[in-house]
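Note that the protein sequences, when read in sequence, are chains A and B.
So the first sequence is residues 1 to 51, counted in full-length UniProt numbering.
So the second sequence is residues 1 to 486, counted in full-length UniProt numbering.
Encoded as structure tokens, the structure appears first; notes follow it.
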Amino acid sequence: MELPDVDKAISEAPLPTKMTLKARTNVVFQVVRFGIFALRMLKMVLKGHEE
Amino acid sequence: MARVVVLGAGISGHTAALYLRKDLKRHDEVVVVSPNSEWNWIPSNIWVGVGKMDSKEVTFPLRPVYKRKGIDFRQARATVIHPEGDLKDGMGYVEIIYTDPDRYGEVEEIRYDYLINATGPKLNFEATPGLGPDGYSLSVCTVDHAAKTALELERVIDKLKQGIPQTLVIGVGHGTCTCEGAAFEYAFNVEHELRANKVRDLAEVIYITNEYELGDFGVGGMQFASKGFVTNSKIWTESLFRERNVKAIVGAHVERVEQGVLHYEQLDGTKGSIEFDFAMLLPPFKGVGLTALDRNGDDITDKLFAPNGFLKVDADYSQKSFDQWRAEDWPSTYQSPFYDNLFGVGIAFAPPHPISMPRFSPNGTPISPAPPRTGMPSGVMGRTVAETIVSRIETGDHTLAHRASMASMGAACVASAGTGLAKGTAAAMTMSPVVPDFVKYPETGGRNIKETTGEIGLGAHWTKLLLHYLFIYKAKALPGWHFIPE
């Protein structure tokens, strides 16, 4: 079985821009993302019990 | 009066025991059998393994919690299940051997009306010669392993500070391992620590995995929508590897580990070796070695358990090729097909097949992830089976069953990539369902694209921290614990 060239794939992977890196550590922006993710998780967990 | 026995006090077993106690009448008994006296929030062992948390922050003693809640705790290891009882009494029972220092080695039989097997896995370091803390590599699977690993990491960082280059290999130590997410997490936490200690330039960090490509995580990868495009976990993960300059070896089976060197085989048949100064390699899992006897004393272990030692439940275990796999193959009640009062949850149940596509090297070596069934799904299974048992005891109707299939439930996975309230980062993912349903979602890798998401950032780290405190609070059964969902 042939394997993908992982070194090439990594070297060609998209690099985050400075703005993306800043957004990842910006407290205000991250508070919002944190809230959204928490709600998403809650919805998912509740759905998991519905079956 | 009914007695429910739970084997194991990990996420699944402990969750089941707490809900059973909450919902059953006081005269019903809940008995927990676990060889360990402490509960461990295993996802945070990653932070113990980089020296950012103390062992006591991720564990607590079970006995006081069970005493307060009225749960009968036996610190012991289950050895034999007798689902039909014996010739004198048709009530099922389980043999246990005490690990409690006060009763060490004492053997006991516990009769049960319902039995939940939630023993978790045996860490199968023996599968790879030289693997594990008794060999030449490290682990973060238990809190003691993680604490030892943190000391070794400290030693490596000291050497780097002296200007001595170091090679750190992190990943999975066998072609059939699971928990690639945990290995990924540990790799990026270590990388974060190296940067925090300003020694990153002299260190080479290599991630070795049985995944065919990065971002598989044992769930066949994920597709999700991001900034107006449908992208996938492969590109997303590769981006993180590029950003952090972490090297990767994919499709690899570690054949053996020796002092300072590991040898591996890859899916294309090539073989290689890496010399290392530090190696944290997770082991494969297998069942804990429970056996089963019928009422005549004849061995029925092979009937109840799959060859890997996990308990067969209501899954479709017929041999199928990858393109024939269906969501319906996965269990939803976790009840044994042979005994309606026997259940297997968490890692202890036998999955019908992997989630990632099975692959073999030209030598026939299986190199592909086993399916993960830890964390959120484990808790959901524990609660679901507890609800089934409560319903049956209350109504006397043994056909009632609550259901929660991994092919319909979602899960969140938060992979820490560095700690710190202001400087931490993590990759947070949600996926729904855990097991892809290619019939329902043919265009998006078998998952609901609206509920399958991924993001990297400080907020994701806070989520991981929140889960740490919430789940330890819940596991301690402190006031309002049951309002915290699994």
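Using N, Cα and C, we set each Cβ at its ideal position, and we do this for glycine too.
**Message:** Assuming Gly344/B is part of the beta strand (DSSP E), what are its boundary residues?
**Reply:** 342-344
**Asked** Contact between the stretch 218-237 of chain B and the stretch 359-373 of chain B: three or more CB pairs below 8 Å?
**Response** yes
**Request:** Identify whether Leu421/B lies in helix, strand or coil by the three-state DSSP scheme.
**Result:** coil
**Straight-line Cα distance separating Thr452/B from Thr444/B** = 10 Å
**Interface flag, Met19/A vs chain B, CB-CB below 7 Å** = no
**Beta-carbon proximity of Leu470/B to Ile456/B, cut-off 7 Å** = no
**Asked** Can you tell me the Cα-Cα spacing of Asp340/B and Glu38/B, whole angstroms?
**Response** 30 Å
**Message:** Measuring only the C-alpha atoms, how far is Gly130/B from Glu265/B?
**Reply:** 16 Å
**Reference Arg392/B; option with closest CA among Asp28/B, Gly8/B, Thr15/B** = Asp28/B
**Where Ile170/B falls, given that 16 or more other Cβ within 10 Å makes a residue buried** = buried
**Asked** Can you list the residues of chain B that Val6/A reaches, using a CB-CB cut of under 9 Å?
**Response** Glu213, Leu214, Glu238, Phe241, Lys247, Ala248, Ile249, Val250, Gly251
**Whether Val254/B touches Thr176/B by CB criterion (7 Å)** = no
**Prompt:** Does Trp462/B get closer than 7 Å to chain A when you measure Cβ to Cβ?
**Reply:** yes
**Closest by C-alpha distance to Ser318/B, when choosing among Ala350/B, Thr301/B, Thr291/B, Asp294/B** = Ala350/B
**Asked** So the alpha helix (DSSP H) Ser12/B belongs to, where does it begin and stop?
**Response** 11-23
**Prompt:** So, are the CB atoms of Glu95/B and Thr119/B less than 7 Å apart?
**Reply:** no
**Message:** Taking a contact to mean a Cβ-Cβ separation below 7 Å, would you say Ile208/B touches Ile157/B in this structure?
**Reply:** no
**Request:** Going by CA-CA distance only, name the one from Ile449/B, Thr463/B, Lys303/B, Pro362/B that's closest to Gly228/B.
**Result:** Ile449/B
**Asked** For the stretch 36-47 of chain A, which residues have a beta carbon sitting closer than 9 Å to at least one beta carbon of chain B?
**Response** Ile36, Phe37, Ala38, Arg40, Met41, Leu42, Lys43, Met44, Val45, Leu46, Lys47
**Request:** Starting from Arg242/B, follow the alpha helix (DSSP H) in both directions and report where the run begins and ends.
**Result:** 233-244
**Asked** Within 10 angstroms of its Cβ, does Ala279/B collect 16 or more other Cβ (buried), or is it exposed?
**Response** buried
**Length-filtered (3 minimum) beta strand (DSSP E) runs lying within the stretch 90-173 of chain B** = 93-98, 107-111, 114-117, 166-172
**Request:** Using beta-carbon positions only, say whether Ile71/B and Val107/B come within less than 7 Å of one another.
**Result:** no
**Request:** Please look up how many angstroms separate the CB atoms of Gly13/B and Ile97/B, rounded, as I've assumed it's under 8 Å.
**Result:** Incorrect: roughly 18 Å between the Cβ atoms, too far for contact.
**Asked** Can you name the residues that DSSP bridges to Val33/B?
**Response** Leu7/B, Arg74/B
**Asked** Which residues in chain A sit within 8 Å of Asp268/B, going by Cβ to Cβ distance?
**Response** Met1, Glu2, Leu3
**Under 9 Å by beta carbon: chain B residues contacting Val28/A** = What Val28/A touches in chain B: nothing, since even the nearest Cβ is about 10 Å away.
**chain A residues whose Cβ lies nearer than 7 Å to that of Leu18/B** = Neighbours of Leu18/B on chain A: none; closest Cβ ~15 Å, over 7 Å.
**Asked** Going along chain A, which residues have a C-beta under 7 Å from Ile389/B?
**Response** Ordered by position in chain A, no residue passes the 7 Å Cβ test against Ile389/B, which lies about 16 Å from the chain.
**Request:** Quick one: give me the first and last residue of the alpha helix (DSSP H) that His461/B is part of.
**Result:** 458-475
**Prompt:** Any Cβ of chain A within less than 7 Å of the Cβ of Thr430/B?
**Reply:** yes
**Request:** Flag this pair as yes or no: are the beta carbons of Ser44/B and His461/B separated by less than 7 Å?
**Result:** no
**Item:** Contact between the stretch 192-208 of chain B and the stretch 303-319 of chain B (3+ Cβ pairs under 8 Å)
**Value:** no
**Prompt:** Which same chain residues, not among the five before or five after Arg40/A, have their C-beta less than 7 Å away from its C-beta?
**Reply:** none
**Request:** Could you check which residue in Leu24/B, Ile11/B, Ala9/B has the C-alpha nearest to that of Thr388/B?
**Result:** Leu24/B
**Request:** Give me the Cα-Cα distance between Pro352/B and Gly446/B, rounded to the nearest whole angstrom.
**Result:** 17 Å
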